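Going by my numbering, the letters in the sequence shown line up with residues 68 to 185, in that order.
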Amino acid sequence: MRYYYCPKDDVIRPKRRLTDDRCDICRQQCVPIDVKRSIHGYIMYALDLVAALMIVLYLAHHQFGAEFASFVGDINETAYIAVMFGLILVSFVFSGLDLARTQREALDIARQRKGRIE
68 MRYYYCPKDD
78 VIRPKRRLTD
88 DRCDICRQQC
98 VPIDVKRSIH
108 GYIMYALDLV
118 AALMIVLYLA
128 HHQFGAEFAS
138 FVGDINETAY
148 IAVMFGLILV
158 SFVFSGLDLA
168 RTQREALDIA
178 RQRKGRIE
């Protein structure tokens with residue numbers, strides 16, 4: 068994940084796409100910091116992928132009557148939908164854990180470099 072650090076304000080923010088490397092507060096030049104994703108980020112993506120696959124199978128069976136998704140009809144519909152939404156909610160938890168860890172690591176990197184950045 069990519070962050071940027073403003074040495075003047077001592078602030079770390081996630082880097083947004085299509086933006087310049089300037090601080091949102093003081094408009095000074097910022098330092099980009101790359102941090103590897105944690106295992107929580109990869110778990111989040113896996114849960115999202117499983118939930119998306121479950122949604123596709125549900126729609127394929129109930130809307131289009133697709134034969135490859137006929138097993139979905141044998142499963143309790145309420146439980147199936149609850150599991151789908153449960154996966155998405157758990158994915159949000161892992162997203163928060165990943166964001167907290169990567170942001171903390173980016174701040175540690177920035178503070179270690181602080182004398183060299185300014």
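All C-beta atoms in this analysis are idealised placements derived from N, C-alpha and C, irrespective of residue type, glycine included. Treat the numbers as computed from the prediction; the structure is a model and nothing was measured.
- Under a 10 Å Cβ-count criterion, Phe152 is classified as exposed, with fewer than 16 other Cβ atoms of the shown protein chains found around its own Cβ.
- Closest in alpha carbon position to Met111, among Lys75, Gln179, Tyr72 and Gly163, is Gly163.
- The region 87-96 and the region 113-132 do not touch, with fewer than 3 CB-CB distances between them shorter than 8 Å.
- Taking a contact to require three or more Cβ pairs closer than 8 Å, the region 80-93 and the region 132-146 do not qualify as touching.
- Excluding five sequence positions before and after Leu154, the CB atoms of its chain that fall closer than 7 Å to its own CB belong to Leu114, Val117 and Ala118, given in chain order.
- Residues of the same chain with a CB within less than 6 Å of the CB of Ile176, apart from the 5 flanking positions on each side, are Ile100 in chain order.
- Per the coordinates, the alpha-carbon of Tyr125 lies some 12 Å from the alpha-carbon of Ala149.
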